[in-house]
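Each residue of the sequence shown is one higher than the last, beginning at 403 in my numbering. Where a beta carbon is used, it is the ideal one built from N, C-alpha and C, also for glycine. Computed from a prediction, not measured in an experiment: that's the story for all the values here. Please read the structure below before turning to the comments.
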Amino acid sequence: VCDQDHFKQLQEECLQKFSSRDYIMEPTVFNTLKTYFQAGGSPEHVIQLLSENYSAVAQTVNLLAEWLIQMEEKVFCYLQLDFIRLMSLMFISVQTPAWLEQMIAHTTWRDLFYKLAEAHPDCLMLNFTVKLISDAGYQGEITSVSTACQQLEVFSRVLRTSLATLLDGGEQNLEKNLPEFAKMVCHGEHTYLFAQAMMSILAQEEQGGSAMRRIGQEVQKYAHERGHDASQITLALGTAAAYPRACQALGAMLSKGALNPADITVLFKMFSSMDPPPVELIRVPAFLDLFMQSLFKPGAKINQDHKHKYIHILAYAASVVETWKKNKRVNINKDELKSTSKAIETVHNLCCNENKGATELVAELSTLYQCIRFPVVAMGVLKWVDWTVSEPRYFQLQTDHTPVHLALLDEISTCHQLLHPQVLQLLIKLFETEHSQLDVMEQLELKKTLLDRMVHLLSRGYVLPVVSYIRKCLEKLNTDISLIRYFVTEVLDVITPPYTSDFVQLFLPILENDSIAGTIRTEGEHDPVAEFIAHCKSNFIMMN
C-alpha cells in the first residue's frame, strides 16, 4: 500500500510538471518522463498534457529574430534602391528630418549608413548623413568611411580625433590603430596633403612634436608600400623648398627608389660645405632605407669612387645635431660625424665582403660589437642579418649551435632598446618559417636557438611582447609543445620577484596549462614552476 501511495504521489508531481507551459522544452523533461513511467504512469496522458501546454515561446522568439534580420536586409535594400526619393525628402525641408536624427542616435543605424556610404560615396543624402553623425560627436566611428574623406569639415574632425587617439595610447595603441588611420589619410591626394600638412605643423611643437613626426613618417611608409609616390609632398612640407638643387636630387632618388652617384654627389657637396642645408632635409625614412640597401645588403654593388659620399651623407643624417632658435640655426654639432662615418665604413666592408664567411666574421666580432653601439650601424647590421639568414640554404650550411648572425641580434638587443620590436619581428619570421631542408631534430634545435634569442630579448626589458607571442603559439596549437616547455624553463631561470601584474596575467596561464606544468621536471627539491605559481596565487588576484 505504501508503494502504491508513493507511486501515485510521484505521478501527481510529474503530471503537475507536464501541465506547465512549454515543459517539453525543459532540459529535465526526459528525467521526469523516466520517473513517471517507472511509477506506472500512462503514456497517453503524458502526450496529451505536453501537446496541450506547448506554446512554442522559444521557437516564436527565433522566428521573430529571423523576421527582424530579414526586415533589416529589406530596409538596407530599400535605402540602396530609393536614394533619390530619400534625398528629395531630406532637401525639401530646411530642417533635418526628425526621423533621421532619431536613426543616427542608434549604433545599428549608424553602422548601416557607414556601409551604404562605402558602397555609394557619391550619394548626397549619405554625405549629409555622415556629416550629421560627425556633428553628433560620433566622428571616432567613421575613420574608415570614404565619404568622410570628401568633406573637409568632417575629415578635419575625424583627423583630430584619430590623432588624439594615436598620441594617447602608447606604442601598442599605435600599432593597433595606425593601419586604419593611414588608410583614411591615403584615401586620396587631397586627404594625404591636408593630413601631412597638419601633422607637419604640429610636429614643430615642443610637446608631442616628435610623436607627431613619427606618425607622419609611418603614413609616408604606408603610402610608399602601396605604390604611391608621395615624395614631392614630403619634400614640399619640409625645408627642401628653400634648397631647389637638393630638392631635385632627393626627389629623383625617392621617385625611382634607388640612389645614384650623380644626385649623391650634389648632396655630398652641399652637406660638406661651411653652411650646409638643415639636416632634417635628409632625415626622410624612405631615403635612409635606400642607404641601408646600398651599404648593407649582401651583393649590393656601389661605385668605390663615390662610396665615401654615401657614407658621409648617412653618417651626417644619423649623428649631426642642430640647435635652432626662432627659426634660425645657431649651432651645428658634428662631434660624432667622423666616428660614425668610420663605423659605417668598417661594418660595410665586413658585411659586403663576399669572401668573408662565418669563421672570418667570428674573428671580427669584437670590431662588430664596438661598431654596433652606433644606432645607425645597428640598424644596418639588423637589415644585413635579415637579408643573410633569409637565404633558403643559410641554416643548412651552419655548423655552430648559435650562428654568428643570430649572436649579433643579442648585441643589438642589449645596446638599442628602440630596435627591440624589429629584432622580435625578425625572430618570429624565422621561427615560423618552414625550414624543409633540415630534418625534424635540426628544426627543433634551430627553433630552440631562436627561443634563446627571444629569452635574451625578454631579459633586456622587452617582456610583454615576447610572452604574448609565446602565449599565442600555445593557444593556436601550432607549435611543438616541447618548445613551449623549453621557453618556460629558460624564462624561469632568468626571472625573479617582484613581477608586474601584466606579466603574471600573460605568463601564469602558460604554466598552468596541463601540457606544461606537469611535464617540467627538475632535480632536487627546487621546483621553479610550483614556486612561481604559489607566489602569483598569494600576491595577485587572477582575472579569468
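Residue i, DSSP secondary structure in three states
i, result
"T816", "helix"
"N729", "coil"
"S674", "coil"
"V906", "helix"
"I897", "coil"
"P410", "Per the sequence presented here, residue 410 reads as Lys, with Pro not at that position. Helix, per DSSP."
"A949", "Look at the range of the chain in this structure, 403 to 946, and you will see that residue 949 is not part of it."
"V686", "coil"
"G653", "helix"
"E608", "coil"
"H630", "coil"
"P911", "helix"
"T563", "helix"
"Q824", "helix"
"Q418", "helix"
"D707", "coil"
"D802", "coil"
"H592", "helix"
"C753", "helix"
"Q553", "coil"
"I713", "helix"
"S861", "helix"
"Y540", "coil"
"F493", "Unreliable positioning characterises F493 in this predicted model, as indicated by a pLDDT of 49, which lies under 50. The coordinate reading is nonetheless provided below. Residue state, collapsed to three classes: helix."
"R795", "coil"
"A519", "helix"
"R423", "coil"
"L661", "coil"
"N946", "Only weak support exists for where N946 lies, its pLDDT of 46 falling under 50; the value from the coordinates is given anyway. If DSSP states are grouped into helix, strand and coil, N946 belongs with coil."
"K699", "coil"
"A638", "helix"
"T742", "helix"
"A397", "Any question about residue 397 goes unanswered here, given that the chain covers just 403 to 946."
"D882", "coil"
"A955", "No answer is possible for residue 955: the residues shown for the chain start at 403 and end at 946."
Limits of the unbroken alpha helix (DSSP H) element including residue i
i, result
"R873", "V865 to K878"
"T430", "Segment: none, T430 is in no alpha helix (DSSP H) and carries neither H nor E."
"H508", "Looking at the DSSP string, H508 is not in any alpha helix (DSSP H), and its letter there is neither H nor E."
"R616", "G611 to E627"
"A932", "P930 to N941"
"G379", "Residue 379 lies beyond the range of the chain shown here (403 to 946); nothing can be said about it."
"C773", "L767 to I774"
"P581", "G572 to V587"
"D537", "L526 to D537"
"E836", "Neither: E836 is in no alpha helix (DSSP H) and is coded neither H nor E."
"I449", "P445 to E454"
Beta-bridge partners of residue i, as assigned by DSSP
i, result
"V723", "N735"
Cβ-heavy atom distance, residue i to the ligand MN, below 7 Å
i, result
"E591", "With respect to small molecules bound, the structure shown includes none, and the ligand MN cannot be examined in it."
Is the segment 775-783 touching the segment 825-842, taking contact as three or more C-beta pairs under 8 Å? no
At least 3 beta-carbon pairs within less than 8 Å: the segment 595-605 vs the segment 617-630: yes
Check whether the segment 839-852 and the segment 893-902 touch, using three or more Cβ-Cβ pairs below 8 Å as the test. no
I'd like to know if the segment 728-738 and the segment 766-775 are in contact, where contact means that at least 3 CB-CB pairs between them fall below 8 Å. no
Any contact of the segment 674-685 with the segment 737-754, i.e. 3+ C-beta pairs under 8 Å? no
I'd like to know if the segment 811-818 and the segment 772-779 are in contact, where contact means that at least 3 CB-CB pairs between them fall below 8 Å. yes
Does the segment 637-654 touch the segment 606-615, meaning 3 or more C-beta pairs lie closer than 8 Å? no
Three CB pairs or more closer than 8 Å across the segment 793-801 and the segment 741-753: no
Is the segment 558-574 touching the segment 514-534, taking contact as three or more C-beta pairs under 8 Å? no
If contact is defined by three or more beta carbon pairs under 8 Å, each pair taking one atom from either stretch, is the segment 551-561 in contact with the segment 585-597? yes
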